[in-house]
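J.: Numbering (the numbering used here), first residue to last: 16 to 144.
The beta carbon of each residue, even a glycine, is placed where N, CA and C say it ideally should be.
Here the structure is a predicted model, which means the values were calculated and not measured.
1) What number of angstroms, rounded off, separates the C-alpha of residue 127 from the C-alpha of residue 66?
2) Touching or not, the stretch 82–96 and the stretch 106–125, by the rule of three or more beta carbon pairs under 8 Å?
3) On the criterion of 16 or more Cβ atoms from any shown chain inside 10 Å, does residue 133 qualify as buried, or is it exposed?
4) In terms of residues, what are the limits of the alpha helix (DSSP H) holding residue 115?
5) In the structure shown, what three-state DSSP assignment does residue 81 receive?
6) List the endpoints of the continuous alpha helix (DSSP H) containing residue 68.
7) DSSP three-state call for residue 73: helix, strand or coil?
8) Report yes if the CB atom of residue 29 is closer than 9 Å to the CB atom of residue 81, and no otherwise.
9) If I measure Cβ to Cβ from residue 118 and keep anything under 7 Å in the same chain, skipping five residues before and after, which residues do I get?
10) So, under 8 Å CB-CB, residue 19 and residue 136 are touching, yes? Tell me the CB distance rounded to an integer number of Å.
11) Round the Cβ separation of residue 129 and residue 33 to the nearest angstrom and send it over; I've been treating them as touching at under 8 Å.
Below is the structure:
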């Protein structure tokens, strides 16, 4: 495999990865779902409390005990999602930094637009803690 075809393969994989992100986020919204984080949107704690209360037939005392546990779990999950988003953005930034030297000025402009779009999508997907 020549050096040029290797870089073409890398660029193609980056484009495919970006298309997968866009499809995974926007397609569910287009068909009426709230996106990759499920039907509860941003209020995971309330969704968790409702679902567990119904599915497990919790009584009032159990539901009251569930509230702080679900709130803590929702906070932990949000923190983990935020950390994962930031790690993905850093990894993609490293990839783009390594890719830039082999691109034409026009390709760099397109790459920067893709990069900006991906950052906005990830950061806009859910509120930060």
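T.: By the coordinates alone:
1) Here residue 127 refers to the residue found at position 112 when the chain shown is read from its first residue. Here residue 66 refers to the residue found at position 51 when the chain shown is read from its first residue. In a straight line, the C-alpha of residue 127 is about 42 Å away from that of residue 66.
2) No, they do not touch.
3) Looking up residue 133 in the chain shown gives position 118. Buried, because 16 or more other Cβ atoms sit within 10 Å of the Cβ of residue 133.
4) Translated into positions along the chain shown, residue 115 becomes position 100. Premise fails: residue 115 is in no alpha helix (DSSP H) and is neither H nor E.
5) Walking along the chain shown from the start, residue 81 turns up at place 66. If DSSP states are grouped into helix, strand and coil, residue 81 belongs with the helices.
6) The residue you call residue 68 lines up with position 53 of the chain shown. Where residue 68 is concerned, the enclosing alpha helix (DSSP H) stretches over 59–70.
7) By one-based count along the chain shown, residue 73 stands at place 58. In this structure, residue 73 counts as coil in the three-state DSSP scheme.
8) For this step, residue 29 is matched to residue 14 along the chain shown. For this step, residue 81 is matched to residue 66 along the chain shown. Not a contact, by the Cβ cut-off of 9 Å.
9) The residue you call residue 118 lines up with position 103 of the chain shown. 126, listed in sequence order.
10) Walking along the chain shown from the start, residue 19 turns up at place 4. Walking along the chain shown from the start, residue 136 turns up at place 121. Not confirmed; about 31 Å, so no contact.
11) The residue labelled residue 129 in the question sits at position 114 within the chain shown. The residue labelled residue 33 in the question sits at position 18 within the chain shown. Confirmed, Cβ separation roughly 6 Å.
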